[in-house]
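Number of protein chains: 2
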Amino acid sequence: MRAIAVRRGESTPRVVDVPKPTPDTGEALVRTLRVGIDGTDHEVVGGSHGGFPEGTDYQILGHEAVGVVEDPNGTRFDAGDLVVPTVRRPPGAGNEHFERGEPDMAPDGAYLERGIVGAHGYMADYFTSDERFLVGVPDDFATTGFLVEPVSNTEKALEHAYASRSAFEWEPESALVLGNGPLGLLTLAMLVERDDFERCYCLGRRDRPDPTIEIIERLGATYVDSRETPLPEVLDAHEAMDFVYEATGHAPHAFETVTALAPNGVGALLGIPSDGTVELDGGRIHREMVLQNKALLGSVNSNVEQYEAAEESLAAFPEWFTDELVTGVYGPDEVERAFETGDDVIKTVVEFDTL
Amino acid sequence: MRAIAVRRGESTPRVVDVPKPTPDTGEALVRTLRVGIDGTDHEVVGGSHGGFPEGTDYQILGHEAVGVVEDPNGTRFDAGDLVVPTVRRPPGAGNEHFERGEPDMAPDGAYLERGIVGAHGYMADYFTSDERFLVGVPDDFATTGFLVEPVSNTEKALEHAYASRSAFEWEPESALVLGNGPLGLLTLAMLVERDDFERCYCLGRRDRPDPTIEIIERLGATYVDSRETPLPEVLDAHEAMDFVYEATGHAPHAFETVTALAPNGVGALLGIPSDGTVELDGGRIHREMVLQNKALLGSVNSNVEQYEAAEESLAAFPEWFTDELVTGVYGPDEVERAFETGDDVIKTVVEFDTL
Chain A
1 MRAIAVRRGE
11 STPRVVDVPK
21 PTPDTGEALV
31 RTLRVGIDGT
41 DHEVVGGSHG
51 GFPEGTDYQI
61 LGHEAVGVVE
71 DPNGTRFDAG
81 DLVVPTVRRP
91 PGAGNEHFER
101 GEPDMAPDGA
111 YLERGIVGAH
121 GYMADYFTSD
131 ERFLVGVPDD
141 FATTGFLVEP
151 VSNTEKALEH
161 AYASRSAFEW
171 EPESALVLGN
181 GPLGLLTLAM
191 LVERDDFERC
201 YCLGRRDRPD
211 PTIEIIERLG
221 ATYVDSRETP
231 LPEVLDAHEA
241 MDFVYEATGH
251 APHAFETVTA
261 LAPNGVGALL
271 GIPSDGTVEL
281 DGGRIHREMV
291 LQNKALLGSV
301 NSNVEQYEAA
311 EESLAAFPEW
321 FTDELVTGVY
331 GPDEVERAFE
341 TGDDVIKTVV
351 EFDTL
Chain B
1001 MRAIAVRRGE
1011 STPRVVDVPK
1021 PTPDTGEALV
1031 RTLRVGIDGT
1041 DHEVVGGSHG
1051 GFPEGTDYQI
1061 LGHEAVGVVE
1071 DPNGTRFDAG
1081 DLVVPTVRRP
1091 PGAGNEHFER
1101 GEPDMAPDGA
1111 YLERGIVGAH
1121 GYMADYFTSD
1131 ERFLVGVPDD
1141 FATTGFLVEP
1151 VSNTEKALEH
1161 AYASRSAFEW
1171 EPESALVLGN
1181 GPLGLLTLAM
1191 LVERDDFERC
1201 YCLGRRDRPD
1211 PTIEIIERLG
1221 ATYVDSRETP
1231 LPEVLDAHEA
1241 MDFVYEATGH
1251 APHAFETVTA
1261 LAPNGVGALL
1271 GIPSDGTVEL
1281 DGGRIHREMV
1291 LQNKALLGSV
1301 NSNVEQYEAA
1311 EESLAAFPEW
1321 FTDELVTGVY
1331 GPDEVERAFE
1341 TGDDVIKTVV
1351 EFDTL
């Protein structure tokens, strides 16, 4: 079968011919429909994130997938069921975090990640998966279901952010998303849908006309150009934010988030920066955190319940939004174009098959 | 009556003669027993924190008090009841945070603080207080009850820290307190008492022999000398910490806390630093927060429920602990000595009267 993989020593994805997988006991065989591409895939291709499966000299890419059960193989699914796979897998038996349904809370070394860390991904005509890590989705998710994974990451971040504010009566009204990439825009669409957030903002550094700015404004949110209004000036230029969602991976943003937060606000950090020294007004940031009860939370990955919540969020998005977000649908033989980036590219997807 | 106050333009506390207060409707008159002194009092005296009550040229100090109801004045208390007052007061009517019992979550400007911001404190023969801000305590709290206030601040920080980890199964085992001042030691004693924390550490920068190190070790905790083991090295020298409590007000500690945390750990920040630039490995700290689901929470002040929780914590302390912690009990005429600091001083208290 066809698979899109990166080979050891190379840094471009290519189509390889690999054997069709056979499901083990407890696993279903899934025919792949679509697999989304995100920043992590680019990092895996570039070699700065993740690692090859043990004993192989290639890694099949892709962790945002939707597919159709081809062979239920005794699992709870029926042939033809539409499913979305989760990302993390236990590296062996007896892993407490997986046993309690919280793979997203497993520490480094206590998980593999399909398509990222030590396990093949879903960018192939077929994949197999333990049924515990497959989430059934409705039939109308055939084209958009690959977005359940990124949306689930925000479901988790929001769940943790609300939990962190649950010891008092928190009434958020304003939210700021840092970053207008696909995750930033998906999150913005989620926040706009929530009754809680009456005013939403999204920070980027793009000139108009720009397709992401168009989406931001069509969602009813306000675009903040960080070149004109750096994060520490957002408070004065706009307002204090009850919730900030960081999806830039720009390290100063993690700390400057505090300066944009309203009293009792919380910032969720999801970007993954590389090493680098940051100089900041640490005294002010520390003091504001204390005297104004502010919180910062890191958040990575998601669990099955958060996938299920993501299903609902995705279903509530207006159709134009996912249409505008997905700027390219490519066949496996067009992999090079699928991985191209540019100002007119928001989110691309590789389509292996249709329903 | 006698009161200990700081006068406008001065920076030493002194005994002043002021009229005995008369309780308004809804207020009780309280005869003061003891009032503790903490770092905030020193900052108020020095003029770097807080502000005088409107229209006065002196401020009565003190926010950690215990006293006896002298005149219940129609409140729910009886004459002779032992009470501890909370710190924050509404600056006017219609304050939502006070109405819902969460004065600790009121933003700057939406509260006064007795003895600190815009309101007279408790360091006087008598004080009055709205009954809503008086917490009844048992008779055996006559000498130690002034510690309910600082302990309640940690109750709040712990409540918020646990809330922030409530979206998953958090099983903390190790805790590190930054700072071996009175608040650090009180917190250490609380953590040691909790079943959750099997191993507790306290970071300071004192040479042996030292009374705080003796307390740390008698509590069964491990002393960490930050001159030998700076915070970012605690992980390698000891272990990763599930909970870190910052009580130093040293701005780099707020961010370096992340490097000492275990995956899924949380740091509570309570110190109040002044402005100052901090240079740090921001990329690593940001990345660790995200990939390891770490959290940082600022926390200030406390509510009535947290005072009630503090009552229980204080009752559980071994007697030797409070004996060793309180290194000086002074009459109002010894105010100068009460405010003296030094390596042999941990916590001092001004005693106006006894039961």
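Protein sequences appear in the order of chains A and B. Quick note on our numbering: the first sequence kicks off at 1 and runs consecutively. Quick note on our numbering: the second sequence kicks off at 1001 and runs consecutively. Just so you know, even glycine gets a beta-carbon here, dropped at the ideal spot from N, CA and C.
| query | result |
| --- | --- |
| CB of residue 273 of chain A within 8 Å of CB of residue 1286 of chain B, strictly | yes |
| Sub-8 Å separation of residue 1159 of chain B and residue 1306 of chain B beta-carbons | yes |
| Cα-Cα separation, residue 1168 of chain B to residue 153 of chain A | 15 Å |
| Beta-carbon proximity list for residue 295 of chain A, same chain, < 6 Å, skipping 5 on both sides | 164 and 266 |
| Residue 168 of chain A at chain B interface by Cβ criterion, 8 Å | yes |
| For residue 17 of chain A and residue 2 of chain A, believed in contact at Cβ under 8 Å, the rounded distance | 7 Å |
| Contact set between the segment 108-125 of chain A and chain B, restricted to residues whose Cβ is under 7 Å from the partner | 108 |
| Pick from A/59, A/85 and A/255 that is closest to residue 15 of chain A, judged by C-alpha positions | A/59 |
| Residue 9 of chain A, buried or exposed, once every other Cβ within 10 Å from all chains shown has been counted against 16 | exposed |
| Chain A contact residues for residue 1038 of chain B, given Cβ-Cβ distances below 8 Å | Going along chain A, no residue has its Cβ under 8 Å from residue 1038 of chain B, so there is no contact; the nearest lies around 15 Å. |
| Contact set between residue 363 of chain A and chain B, taken where Cβ atoms lie within less than 9 Å | Residue coverage of chain A in this structure runs from 1 to 355, which leaves residue 363 of chain A outside it and unanswerable. |
| Rounded C-alpha distance that separates residue 1222 of chain B from residue 1278 of chain B | 28 Å |
| Proximity test, Cβ basis, 8 Å: residue 1203 of chain B and chain A | no |
| C-beta neighbour in chain B for residue 286 of chain A, strict 8 Å | yes |
| Beta carbon proximity, residue 1274 of chain B to chain A, threshold 8 Å | yes |
| Beta-carbon proximity check, residue 248 of chain A vs residue 342 of chain A, cutoff 8 Å | no |
| Residue 299 of chain A: contacting residues in chain B (beta-carbon distance under 8 Å) | 1290 and 1293 |
| Beta-carbon proximity check, residue 1262 of chain B vs residue 1241 of chain B, cutoff 8 Å | yes |
| Residues of its chain near residue 119 of chain A, where Cβ-Cβ distance is below 8 Å and the 5 sequence neighbours each way are ignored | 53, 89, 112 and 113 |
| Where residue 237 of chain A falls, given that 16 or more other Cβ within 10 Å makes a residue buried | exposed |
| Unbroken alpha helix (DSSP H) run spanning residue 156 of chain A, endpoints | 148-164 |
| Environment of residue 1329 of chain B [buried if 16+ CB atoms lie within 10 Å] | exposed |
| Minimum Cβ-Cβ distance from residue 164 of chain A to chain B less than 8 Å | yes |
| CA-to-CA distance, residue 161 of chain A to residue 175 of chain A, given in whole angstroms | 12 Å |
| Contacts that residue 1098 of chain B makes with chain A (C-beta to C-beta distance below 8 Å) | Those do not exist, as residue 1098 of chain B stays about 12 Å from chain A at its closest Cβ, beyond 8 Å. |
| Meets three-Cβ-pair contact criterion under 8 Å: the segment 129-144 of chain A and the segment 207-221 of chain A | no |
| Where the alpha helix (DSSP H) containing residue 1321 of chain B begins and where it ends | 1319-1325 |
| Residue 83 of chain A and residue 134 of chain A closer than 8 Å at C-beta | yes |
| Backbone secondary structure at residue 260 of chain A - three-state DSSP | helix |
| First through last residue of the alpha helix (DSSP H) which encompasses residue 1098 of chain B | 1096-1099 |
| Residues that residue 1001 of chain B contacts on chain A, provided the C-beta gap is smaller than 9 Å | Here the premise fails: no neighbours, minimum Cβ distance about 32 Å. |
| Own chain partners of residue 1194 of chain B with C-beta closer than 6 Å, once the 5 adjacent residues on each side are dropped | none |
| Beta bridge counterpart(s) of residue 28 of chain A as assigned by DSSP | A/129 |
| Residue 1063 of chain B at chain A interface by Cβ criterion, 8 Å | no |
| Length-filtered (3 minimum) beta strand (DSSP E) runs lying within the segment 289-317 of chain A | 295-298 |
| Reduced DSSP category for residue 1232 of chain B - H, G, I as helix; E, B as strand; rest coil | helix |
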